[in-house]
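Going by numbering that gives the first Met the number 0, the first residue of the sequence shown is number 0, and it counts up by one from there. Note that CB positions come from ideal geometry on N, CA and C, so glycine has one too. Encoded as structure tokens, the structure appears first; notes follow it.
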Amino acid sequence: MRLLPPLLVLGATVSLILARPRVGRLGRLHPTLAALAGAASLGAMGILSAADVASTVAGVARPLLTVAAIMATTGAAHAMGIFDRLARIIELRTRGPVERAFAMVFLIAAAMATVFNNDAAILILTPIVVPLIARLYPKRPYLVEPFALAIFVAAGVAPLSTSNPMNLVVAERAGISFHGYALRMIPVALVSSYVSYRMLRWAYRRELDDKVPAGGPEQGSLAPMEEEPLVALLIVLAVLVAYPVVSLLGGPVWVVALTGAVLTGFVGLRHGSVSARAWFGGVAWEVLLFMVALLCVATGLKNAGLLDAIAALYKLGGEHIFGQVAVVGALSAVGSALLNNHPMAALNALAVERLAGDPTYRVLAALVGGDLGPRLLPMGSLAGLLWLDLLRRMGAAIPTRRFLRMGLVTTPAALAVGLLVLWAESLLFP
0 MRLLPPLLVL
10 GATVSLILAR
20 PRVGRLGRLH
30 PTLAALAGAA
40 SLGAMGILSA
50 ADVASTVAGV
60 ARPLLTVAAI
70 MATTGAAHAM
80 GIFDRLARII
90 ELRTRGPVER
100 AFAMVFLIAA
110 AMATVFNNDA
120 AILILTPIVV
130 PLIARLYPKR
140 PYLVEPFALA
150 IFVAAGVAPL
160 STSNPMNLVV
170 AERAGISFHG
180 YALRMIPVAL
190 VSSYVSYRML
200 RWAYRRELDD
210 KVPAGGPEQG
220 SLAPMEEEPL
230 VALLIVLAVL
240 VAYPVVSLLG
250 GPVWVVALTG
260 AVLTGFVGLR
270 HGSVSARAWF
280 GGVAWEVLLF
290 MVALLCVATG
300 LKNAGLLDAI
310 AALYKLGGEH
320 IFGQVAVVGA
330 LSAVGSALLN
340 NHPMAALNAL
350 AVERLAGDPT
360 YRVLAALVGG
370 DLGPRLLPMG
380 SLAGLLWLDL
390 LRRMGAAIPT
400 RRFLRMGLVT
410 TPAALAVGLL
420 VLWAESLLFP
């Protein structure tokens with residue numbers, strides 16, 4: 000019974016995050032307020048202390064600074080028109096057979112998710128690609144759905160810790176360096192992405208097996224890139240290269256991310272395309288506060304003993320690494336789908352610490368499950384809910400039944416293959 004009150008708080012917190020009820024004239028409740036209310040409730044019960052909150056904030060300060068810097072860089076790049084140019088590149092590459100256009104959109108979405116982050120790829124590319132496909136294929140409106148799903152599915156396992164804010168926080172907490180994460184997760188991401196692509200391609204084979212090229216109106220040729228966005232793009236690429244180099248040398252990754260944000264902001268400010276307010280406002284501060292609040296909730300649940308129960312489930316994997324990776328990855332995927340990936344990741348970060356031995360592969364298995372699990376149910380991630388709402392407002396709504404079916408088609412196979420690769424790596428890099 001000791002666990003019942005904190006579990007009720009967790010259930011209420013997640014329900015409020017997902018439902019976002021209207022609060023009078025204030026509009027819909029922001030997920031951050033729901034998470035803060037959950038943490039405050041645990042504090043009122045005496046389960047979460049001020050010292051716990053201070054310790055949690057101190058533990059995630061550096062990864063959150065990295066995330067903020069990446070957000071600022073993304074906002075500056077967006078203001079300088081880099082993503083608008085990306086739309087023209089997509090258009091020029093989708094004038095051939097439909098299958099080639101589909102593959103190109105999937106690849107671009109995966110690349111953007113790697114360089115920036117998963118949520119940015121989904122929420123920036125969707126309003127670019129959906130109207131583009133509708134214009135290019137005016138007599139084939141059924142193509143919008145597979146292309147929209149390609150964007151969502153392509154943002155799968157984060158190959159770099161910086162590609163997913165929560166992955167970065169969890170990896171840093173577990174003591175996994177940038178290059179240590181990348182060495183193990185890039186192969187997992189590549190294989191799981193390929194399987195996801197093939198499964199989604201198979202599911203929409205009737206629609207995509209179309210050799211007739213796009214017939215919609217073109218918007219002209221691609222003009223040479225101006226100096227300002229070109230310099231910003233080069234800075235982003237330099238930062239991407241610097242991450243593993245600095246990590247291997249034992250330097251802090253957050254310094255690289257912050258340097259990139261300052262330089263891209265300076266370029267935009269100098270040329271007048273980015274204001275200081277817009278650059279600073281490119282950081283979703285409420286998302287950072289949301290993550291801290293959820294981690295505080297997870298800390299309170301740890302104090303209440305819930306993590307012992309989760310750790311007991313993870314012990315079902317036995318002493319062999321194969322069983323551990325399989326059980327942790329599968330339970331994390333299911334938990335992320337049912338509970339939402341952010342609170343599940345926060346719980347995993349603390350639960351895995353309670354198991355004996357090196358936690359590296361168990362942590363990575365939990366992150367693989369947390370990255371892929373949200374495909375199974377719409378409530379699995381906040382980005383997924385926002386993506387579905389965005390499609391609805393654009394007149395391209397995907398029915399829940401179709402979402403569930405595509406989740407079952409793409410996720411189990413990608414998860415199984417990804418965890419197999421992770422297990423194989425544990426034999427090569429024990």
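C-beta contact flag for residue i and residue j at 7 Å
{"i": "A332", "j": "G368", "result": "yes"}
{"i": "L455", "j": "T410", "result": "Because residue 455 is not part of the residues shown, which for the chain are 0 to 429, the question remains open."}
{"i": "T298", "j": "D51", "result": "yes"}
{"i": "P373", "j": "N347", "result": "no"}
{"i": "P5", "j": "A350", "result": "no"}
{"i": "G394", "j": "A336", "result": "no"}
{"i": "A364", "j": "V327", "result": "yes"}
{"i": "A292", "j": "A68", "result": "no"}
{"i": "L389", "j": "T125", "result": "yes"}
{"i": "T65", "j": "W253", "result": "yes"}
{"i": "A53", "j": "V362", "result": "no"}
Option in the options with minimal Cα separation from residue i
{"i": "L375", "options": "P158, A413 and G179", "result": "A413"}
{"i": "T31", "options": "D209, L9, P251 and E285", "result": "E285"}
{"i": "M165", "options": "D370, F402, S425 and P429", "result": "D370"}
{"i": "V289", "options": "L25, V59, D357 and L2", "result": "Checking the displayed sequence, the identity of residue 289 turns out to be Phe instead of Val. Cα-wise, what sits closest to F289 is V59."}
{"i": "L427", "options": "R204, R276 and L182", "result": "L182"}
{"i": "L366", "options": "R353, L385, M378 and G334", "result": "G334"}
{"i": "L202", "options": "L35, F402 and L135", "result": "Contrary to the premise, residue 202 reads as Ala rather than Leu in this sequence. Out of L35, F402 and L135, F402 has the C-alpha closest to the C-alpha of A202."}
{"i": "A75", "options": "I234, R139 and P398", "result": "I234"}
{"i": "A277", "options": "M79, L294 and A34", "result": "M79"}
{"i": "L294", "options": "L17, A36 and R19", "result": "A36"}
{"i": "P429", "options": "G356, V128, L387 and W386", "result": "G356"}
{"i": "S246", "options": "V66, I175, L418 and A396", "result": "I175"}
{"i": "V129", "options": "E206, A396, L418 and G406", "result": "A396"}
{"i": "G406", "options": "V22, K314, G155 and L25", "result": "G155"}
{"i": "E227", "options": "D208, S272 and L7", "result": "S272"}
{"i": "T12", "options": "L305, V296 and D209", "result": "V296"}
{"i": "R197", "options": "A173, P126, L148 and A275", "result": "L148"}
{"i": "R139", "options": "L9, I127 and D208", "result": "D208"}
{"i": "L421", "options": "L354, R24, V324 and A329", "result": "V324"}
{"i": "L354", "options": "P251, L306, L15 and R400", "result": "L306"}
{"i": "L404", "options": "P377, G10 and L330", "result": "The sequence given here places Arg at residue 404; Leu does not occur at that position. The candidate whose alpha carbon is nearest that of R404 is P377."}
{"i": "W386", "options": "I150, R205, V244 and L338", "result": "I150"}
{"i": "V8", "options": "V230, L300 and R205", "result": "L300"}
{"i": "Y136", "options": "V97, I16, L248 and R391", "result": "V97"}
{"i": "S14", "options": "L338, R392 and V362", "result": "L338"}
{"i": "K314", "options": "I127, P358, M343 and P342", "result": "P358"}
{"i": "V230", "options": "I81, L248 and P243", "result": "I81"}
{"i": "A329", "options": "G250, G249, R24 and L418", "result": "L418"}
{"i": "H77", "options": "E318, R205, A102 and I127", "result": "I127"}
Sequence-distant residues of the same chain with beta carbon closer than 7 Å to residue i, five excluded per side
{"i": "P62", "result": "L167, V168 and E171"}
{"i": "S162", "result": "A112, T113, N116 and N117"}
{"i": "G219", "result": "Its pLDDT being 49, under 50, G219 is placed unreliably in this model, and the coordinates cannot settle the point."}
{"i": "I132", "result": "L142, V143 and F146"}
{"i": "G322", "result": "G316"}
{"i": "S160", "result": "N166, L167, A170, F177 and Y180"}
{"i": "M70", "result": "G281, V282 and A283"}
Residues near residue i by beta carbon distance below 6 Å, same chain, minus five either side
{"i": "P158", "result": "T113, M184, I185 and A188"}
{"i": "A382", "result": "D118 and I121"}
{"i": "S425", "result": "I320 and Y360"}
{"i": "A153", "result": "F105, A108 and A109"}
{"i": "T73", "result": "F115 and A119"}
{"i": "I16", "result": "P30 and A33"}
{"i": "K210", "result": "P96"}
Residues near residue i by beta carbon distance below 8 Å, same chain, minus five either side
{"i": "R1", "result": "A303 and G304"}
{"i": "R21", "result": "R27 and L28"}
{"i": "S274", "result": "L268"}
{"i": "F279", "result": "A71"}
{"i": "L384", "result": "L17, P377 and M378"}
Minimum Cβ-Cβ distance from residue i to chain C less than 7 Å
{"i": "V194", "result": "Considering every chain present, this structure includes no chain C. It has just one protein chain."}
message = Between the stretch 265-283 and the stretch 308-315, can you find at least three pairs of beta-carbon atoms closer than 8 Å?
response = Note that the stretch 308-315 does not touch the stretch 265-283; fewer than 3 beta-carbon pairs, one per stretch, sit closer than 8 Å.
message = Is it the case that the stretch 42-61 contacts the stretch 229-239, given that we only count it when at least three CB pairs across the two stretches are under 8 Å?
response = Contact between the stretch 229-239 and the stretch 42-61 is not established, with fewer than three Cβ pairs separated by less than 8 Å.
Sequence ranges, alpha helix (DSSP H) only - wholly within the stretch 332-403, length at least 4 = For the alpha helix (DSSP H) assignment, the uninterrupted runs of no fewer than 4 residues enclosed by the stretch 332-403 are, from N- to C-terminal side, 340-350, 359-371 and 381-392.
message = Using 8 Å as the cut-off, can you tell me whether the stretch 184-204 makes contact with the stretch 251-261, which would need three or more C-beta pairs spanning the two stretches below that distance?
response = Under the 8 Å Cβ criterion, the stretch 184-204 does not count as touching the stretch 251-261, having fewer than three qualifying pairs.
ask   = Taking only runs of the alpha helix (DSSP H) that begin and end inside the stretch 279-329, which ones reach a length of at least 4 residues, in chain order?
value = Note on the stretch 279-329: whole alpha helix (DSSP H) runs with a minimum of 4 residues are 284-303 and 305-313, in chain order.
ask   = Unbroken alpha helix (DSSP H) runs of length 4 or more, entirely within the stretch 116-147: which are they?
value = Correct list: 117-135.
key: Length at least 4, wholly inside the stretch 172-259: the alpha helix (DSSP H) runs in chain order   = With a minimum length of 4 residues, the continuous alpha helix (DSSP H) runs that stay inside the stretch 172-259 are 177-202, 204-207 and 226-247.
query = What runs of the alpha helix (DSSP H), each 4 residues or longer, lie entirely inside the stretch 38-115?
reply = Listed in chain order, they are 49-78, 81-92 and 97-114.
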